[in-house]
Amino acid sequence: MAEQHRDIVLVVDDSPDTLSFLTEAIERSGATVLVAVAGDLALALVEEITPDLILLDAIMPGMDGFETCRRLKALTQLAHVPVIFMTGLSETEHIVKGLEAGGVDYVTKPIAPDEILARIRVHLASARAAQSARAALDTTGRTLFAVDRSGAVLWSTPQAARLLS
């Protein structure tokens with residue numbers, strides 16, 4: 001019998017209580033949890049393992065979650081990985097800052113276990129669908145690419161990447 005794939009969730013938070021609570025809830029849902037207590041440690045960890053989803057505290061000593069997210073999203077292998085911010089900050093400006101840094105969602109503490117697990121499921125499903133679509137386009141043999149408003153390439157098939165480089 002083939003082994004079932006376990007989702008890998010990276011939790012980045014400087015609070016031992018939050019890490020413990022989230023690790024227990026996420027592992028109970030069947031996923032594997034990786035933990036980092038600071039942004040720089042998360043960046044080092046993702047050099048070795050690519051998670052399927054990242055839960056990221058916005059406010060941490062040293063490098064905050066917003067900067068950590070920007071650096072994670074700048075890595076090609078992590079551009080598709082959904083990042084959900086977690087924080088006690090609930091003002092609109094902080095939510096916008098998190099989304100602009102590359103987050104796909106934003107939850108405020110205290111975190112309800114059923115809510116965070118539901119959000120994880122939704123964002124994992126969306127990320128898988130997008131990844132499947134990219135893989136299908138990559139195998140078409142067509143030269144396709146997408147750009148943002150400034151003309152920066154957001155995505156390309158391997159054929160387009162060869163022409164653009």
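Numbering (my numbering), first residue to last: 1 to 165.
The C-beta atom is built at its ideal place from N, Cα and C for all residues, glycine as well.
(request) Quick one: measure Cβ to Cβ for A69 and L56, integer angstroms, because I've assumed they're closer than 8 Å. (result) Looking at the sequence itself, residue 69 is Cys, so the reference to Ala does not match. Sure, about 6 Å apart at Cβ, within 8 Å.
(request) Rounded to whole angstroms, what's the CA-CA distance from L99 to T76? Just pull it up for me. (result) 18 Å
(request) For A146, name the three-state secondary structure that DSSP assigns. (result) strand
(message) Is it the case that the region 70-89 contacts the region 102-113, given that we only count it when at least three CB pairs across the two stretches are under 8 Å?
(response) yes
(message) Here's the rule: buried if 16 or more other CB atoms are within 10 angstroms of the residue's CB, otherwise exposed. What is I116?
(response) buried
(request) Find the nearest neighbour of M22 within the set A146, K73, M86, T143, judged by alpha-carbon distance. (result) In the sequence on display, residue 22 carries Leu and not Met. Of A146, K73, M86, T143, the residue nearest in Cα terms is M86.
(request) To the nearest angstrom, report how far apart A169 and A44 are at their CA atoms. (result) Beyond the ends of the chain as shown, which are 1 and 165, falls residue 169; an answer cannot be given.
(message) Taking the alpha carbon of L34 as the reference point, which residue from L53, D17, V11 has its own alpha carbon closest?
(response) V11
(message) Less than 8 Å between the beta carbons of G65 and D40, yes or no?
(response) no
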